[in-house]
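For the sequence shown, counting from 1, position 30 maps to 24 in the working numbering; every step adds exactly one. Cβ coordinates follow ideal geometry from the N, Cα and C atoms, glycine included. Since the structure is predicted, the reported quantities are computational estimates derived from the model, not experimental observations. First up is the structure itself, then whatever we jot down about it.
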Amino acid sequence: MDRNRKWVPSFGAVLLILLSHMTSALEVPLDPKVLEGLPQPPTITLQSPKDYIFDPRENIVIHCEAKGKPHPSFSWTRNGTHFDVEQDSKVLIKPGSGTLVIDISGEKAEAYEGTYQCTAHNEHGTAVSNSIVIRQSRSPLWSKERNEAIVVQMGVSLVLQCRPPAGLPPPVIFWMDNNFQRLLLDKRVSQALNGDLYFSNVLREDTRSDYICYARFPHTQTIQQKQPISVTVVDNSPEGERRPGFMMPLGTTSTKMVLRGETLELECIADGLPTPEISWQKDGGELPSSRMSFYNFKKTLKVSDVNEADGGNYRCTATNNLGTLHHIIKVTVKAAPFWVSAPRNLILAPNETGILTCRVNGEPKPKITWFVNGVSLENAPEDHSRKVDDDTVILSNVQSGSSAVYQCNASNEFGYLMANAFVNVLAEPPRVLTPPNRVYQVITNNPALLHCASFGSPIPTITWFKDIQTSVKNGDPYVIHENGTLEIHVAQPLNSGKYTCIATNNLGIKENHVYLEVKEPTRILKQPEYKVVQKGMRAVFECKVKHDPSLIPTMTWLKDNGELPDGRFEVNVDSLTINDVTDGDEGTYTCIMNTTLDQDSASAMLTVVEATPTPAIVYEKPDSPTDLELTDQTERSVQLTWIPGDEHNSATQKFLIQYEDLLHQPGVWINLTEVAGTSTTAQLNLSPYVYYSFRVLAVNHVGYSQPSQPSSQYRTNPAAPDENPSDIQCVGTKPGNLVISWTSLTGFQANGPGLEYKVQWRQKDMDEDWSSKNVANVSQFVVSGTPIYVPYEVKVQALNDYGSGPKPEVVIGHSGEDLPLSAPDSVQIMVTNSTLAEVQWEPVSLPSVRGKLQGYKVYYRRERGLHDTEEETEQQEQVLTFSGNRSEGRLPGLQPYSRYNLTIRVLNNKGEGPPSPSKKFDTPEGVPGPPSFLNAVNTSLDTLTLEWGPPRNNNGRLAGYTLKYQPVNTTNELGPVKIMALLANETTITLGNLNSSMLYKFYLSAKTIKGSGPIITEEAFTVMDTTRTQPTVEMGKVPPVGPAFGKVNTSMSEDGAVISWDYFGHHKNVYVEYIVENSKEDWIKELVNGSHWHMIKGLKPGTSYKVRVVARDPADPTVHSTDEVLVAVPAVPSRQVDIATQGWFIGLMCAIALLILVLLIVCFIKRNKGGKYPVKEKEDAHQDPEIQPMKEDDGTFGEYSDTEDHKPLKGSRTPSNGTVRRDESDDSLVDYGEGGDGQFNEDGSFIGQYSGKKEKDTHEGNESSEAPSPVNAMNSFV
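This is how it looks when you write it as structure tokens:
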């Protein structure tokens, strides 16, 4: 029981309470015997909601229940004045409570609408309920209107307004057609939150005459319909595509206010063609994905359980392929009052002080008003012991008889909260509620809870004694909880005994005795073993158990976690016997030993095999050792003995001994040592300050046994640490500091409580004392204010409450580095050749490095070339790092004939020092790069022209070019080489006296005074000397260079077209390509390497083809081709007769077409022969504007006057009893459901049967009256 109350014995304590505004209350126990004698002010236990909408067909029930001692009496107010219940025969108050039952049958329900409030009173105070607003549910009729037919151009936007009558609560809106089918909604057609139907753009299929809006009123389950709306979509001048525009909301911005805790609904509906897509985002934040959902094809965004963070600008975006439009909705979050901390009941003793707090929040901030016994504190009698400070009431030195009920009312413009909290002043001596002499039983090593529930005013103080004389204090192993319960974390047998709890206050003392019995745990000493048994034999599973002798054990056997089958199973005290084993007995058997406090279980499998003369030897894991015992116990060692288990035909190789540290790592078993398989004892070395528990595992060649049961617990005493922390490091992380770090000792290594580390440091080679600092629970220490990069000696020693660890080792480190101060001096550069230079410098002094020297960085950049004509280009700076204390280095990869700029910086771990003075040097000339390009142009029979570009990198002064060329025959053999020297300013040359139709290879290189650079090559053909007709070459254009083809000949055979040609080129891949004349398809290719003729098969008779021969070289992207030749494939004489050209077939088709035309004419005449019925003509001639019958064309309902009799649906016959017969009306709405009351599902589809009974409106002329049934009124559905 929570007993959280402050007793104030002095003025100082009172002042402390006043400053902290804290209070607590004594809770009254639920024990009826205690409650019987305790006075209590009234407490409201049940009341109706603040807003109560009632159904006029049922009684009004306003709940008000309260408790108190004595039982309270009840009274009511209505609209702020006393409501005399006894004067109204229609009002009944339930006996023993304040609940009102108002019978409104035959009465006007409006007479009982209003604001009601209940009051519960007894001699100790008055409690009041919330103000309950009672309102009647309303489902008013739709206002009379005549809907004009709508004609709209295809593609424009459209809104069909619903505008339902305002009901209480508001109706649910949906759109249907005459057949009571929901209109399909999509991203183009959608229903807004206000019920209107929006078309982003209309289509031709939107034409219909039965767009009907329905309103369903939830309380009365009444459904009403609006007059049908007719929409006709025409396309004589359809609207074209257009950018999005917003239909709702209008403009670029709008506002929305929502209350905290409610659901925020934002809506954006856009028009446009194509239909726009809607997306949402929140400016400056993320949408709350866990509380957010989209509806209506993402046109509606809903955020549930709104909080203050949901305020801000929400941007909806409409997008189609013509553009994007944004609309920003500015959301403001307000809040009706909500509780931060509601006032709680107080039970105080005389002269005590208590505080009532009424913490609320809201937006705007709520106003708090206090009442006492239903009367505002401003109007209540003055009480000097009471002080009000906004949301707090302080009651000082309360006296007997000052009990009362306080009300806190917090309100703002969006609502109010009201809470009752009584202050009950009691003087009660202590009572112990826990039954006397209760016996608590627990298992060893489990927690034990001894209860001492009490009551008294002032709150009693609880003290505990063991065996009467020993006082129990908070601390290991005991914990006394605030409610008086005594807890023992790990109960041991020595904790058993008699415990006494004493409850004391200034009015008396009361004691109670309870008993604790700590029992031994239940353990299975010999587990059942895996069995392989032959059919027909007997299987025996042993299960020997040890348990506390005072507990009654129960042994249960299971097979495959289910009950044992009946018959051949014998259950004994410590075994299970299965006689005459069958295949069905195979499975897993589990023995479970239960006591009233604990249980233990073990399982084993049974495998059934066919009977064999000689059973095979089965090798299994050994059984776990048993009977662990600790002897020869000392501070640092103990001897462990055990009894080995069954070896199962495989000798035990070794025993593994594990321990659990219940103090530092409970539940984790750690390997300690191994002994030979012939041993049954082990001398174990132990560490201080460990709660040991041991277990043993046996190992044979099959594997490890199950662990033995744990030994008894053995605790070693604390001692000084045996070791110091490891991995000690000392480095500086920034100038002026030294970070000393280490790997901390584990709890196991600590050897005792109060583990700390003594950190010592001093500057190396300095005659000074050690500085030291003791730290705990950290693994590093930072020394500040050190010199820059000086060596330090550091040592870290472990210590605890029982002494220090061994002498620590000294570790050397350095304090933090800083940037170097000096730059290298005497920089000299020796240029070795045009691409390599050597640089030398004078190293900086080591003190100026101010850190560990990492090396030197050489920065160099090419500023420009030395050639006058070379353009200036921005070159990237290059960096070379030379590690260590270097004074020279090489700069490879330089560009010849260039000027470079060079600086050097020294480098340490912190960074780089200042640069050396800039040094410039030049590289000599080198060989140039290759010419930038080489092309062969203007080829003829015996000449061609070469063009080239100068090298991109001259690397010096260009001296000229060297041109070499040689012919290449068809076998790729090279001819003699000719060499030409060309001037530096030449970029073209024409070569003559060349062989026609010959391939030549050209080699061109540039040169400087240093020699020639790399060559660039090119190949080209001279033109072939042939009499074959060549393609016409336009003036000024060079004919293509390519292989020479001879004349192409074509002929036709029975198998296909034969193509032959002459070919003089060196290309290896030759194809015959063909395509149907005037076709745009791809050319069909057939490979014909090594041949000068080819037959094309499979050509279509009567078709002309274009044919050409093409040569391709994989190494040359140029394609060489002959002219296209036209090949005509002759047609084959056909012996088939085309049925479409036969006269009899044409005549038959004409006769069928004529017959179909006659049938269509007859159908048209029959349809128009009916005309109008006389009744219809009379209705057309005498139309009453108040009465519109159902339309013949679409079957929709017209609008009827309230004064007319209710007319049946079209096609139905209404008997005198008002019912609709199923067999007389195929259109009866019974077809739409399975009977019962006519209703609609939540999706609006009709599921019920119409009732033909006429319902006369109880309150004629009142808009709040319910609508009649659909058969009678035809615009309402019940």
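With burial defined as no fewer than 16 other Cβ atoms inside 10 Å of the residue's Cβ, what is the status of residue i: buried or exposed?
i     : result
V153  : exposed
E811  : buried
A447  : buried
Y698  : exposed
M974  : exposed
W70   : buried
K1094 : exposed
Q848  : buried
C537  : buried
K220  : buried
Look at the Cβ atom of residue i, then the Cβ atom of residue j, and state whether they are nearer than 9 Å.
i     : j     : result
P619  : S644  : no
P945  : G1007 : yes
K525  : H507  : no
Y1099 : V1082 : no
T829  : P785  : no
I782  : P729  : yes
N932  : T984  : yes
A103  : P66   : no
Q774  : I734  : yes
P547  : M587  : yes
L622  : Q633  : no
M1089 : D1117 : no
W835  : S766  : no
R1102 : V1119 : yes
R309  : W274  : yes
T646  : T672  : yes
S451  : N499  : yes
I482  : L427  : no
N188  : I167  : yes
Would you please state the rounded distance, in angstroms, between the beta carbons of residue i and residue j? I believe it to be under 8 Å.
i    : j    : result
N406 : M412 : No, N406 and M412 are not in contact; Cβ-Cβ is about 13 Å, not under 8 Å.
S597 : T584 : 4 Å
A676 : K648 : In fact, because the Cβ distance is near 11 Å, the residues do not count as touching under 8 Å.
V790 : I898 : 41 Å between Cβ atoms; not a contact.
P36  : T120 : 7 Å
A497 : L600 : The pair is not a contact, with the Cβ atoms about 59 Å apart (cut-off 8 Å).
S999 : T956 : 5 Å
A770 : E717 : In fact, because the Cβ distance is near 17 Å, the residues do not count as touching under 8 Å.
Comparing alpha-carbon positions, which option in the options lies nearest residue i?
i    : options                    : result
S396 : G954, T386 and V417        : V417
N414 : Q81, P337 and Y110         : P337
K84  : G62, V55, F68 and G108     : V55
A105 : W663, R129, G986 and L650  : R129
A953 : F168, V921, A1014 and D97  : V921
M241 : E668, Q185, E142 and T363  : Q185
P515 : V473, A1014, I462 and Q435 : Q435
G100 : N53, W136, N73 and C58     : N53
L691 : E654, T201, S702 and A143  : S702
M824 : D916, G845, N745 and V776  : D916
Is the beta carbon of residue i within less than 8 Å of some heavy atom of the ligand NAP?
i    : result
Y853 : No copy of the ligand NAP appears in this structure; indeed no ligand is present at all.
Every unbroken beta strand (DSSP E) inside the segment 640 to 728 [3 residues or more]: Every unbroken stretch of the beta strand (DSSP E) spanning 3 or more residues and falling wholly within the segment 640 to 728 is given here in chain order: 648 to 655, 659 to 670, 675 to 679, 685 to 693 and 720 to 725.
Let me know the beta strand (DSSP E) ranges lying completely inside the segment 264 to 308, each 3 residues or longer, listed in chain order. Assignment of beta strand (DSSP E) within the segment 264 to 308, counting only whole runs of 3 or more residues, yields 271 to 276, 286 to 289 and 294 to 297 in chain order.
Length at least 3, wholly inside the segment 922 to 1006: the beta strand (DSSP E) runs in chain order: As far as the segment 922 to 1006 is concerned, its whole beta strand (DSSP E) runs of at least 3 residues are 925 to 931, 938 to 945, 954 to 962, 972 to 976, 982 to 985 and 993 to 1002.
At which residue ranges does the segment 58 to 114 contain complete beta strand (DSSP E) runs of 3 or more residues, listed in the order of the chain? Under the rule that a run must span 3 or more residues, the beta strand (DSSP E) segments found entirely inside the segment 58 to 114 read 58 to 63, 67 to 72, 85 to 87 and 94 to 96.
Residue ranges of each beta strand (DSSP E) within the segment 407 to 484, 3 or longer: Considered as a whole, the segment 407 to 484 harbours 409 to 419, 422 to 426, 432 to 437, 442 to 444, 448 to 451, 455 to 460, 464 to 466, 472 to 474 and 480 to 482 as its complete beta strand (DSSP E) runs of no fewer than 3 residues, in chain order.
Length at least 3, wholly inside the segment 573 to 624: the beta strand (DSSP E) runs in chain order: Entirely contained in the segment 573 to 624, the beta strand (DSSP E) runs reaching 3 residues are, in chain order, 581 to 588 and 593 to 603.
Which whole runs of the alpha helix (DSSP H) in the segment 758 to 843 are 4 residues long or more, in chain order? Runs found: 840 to 843.
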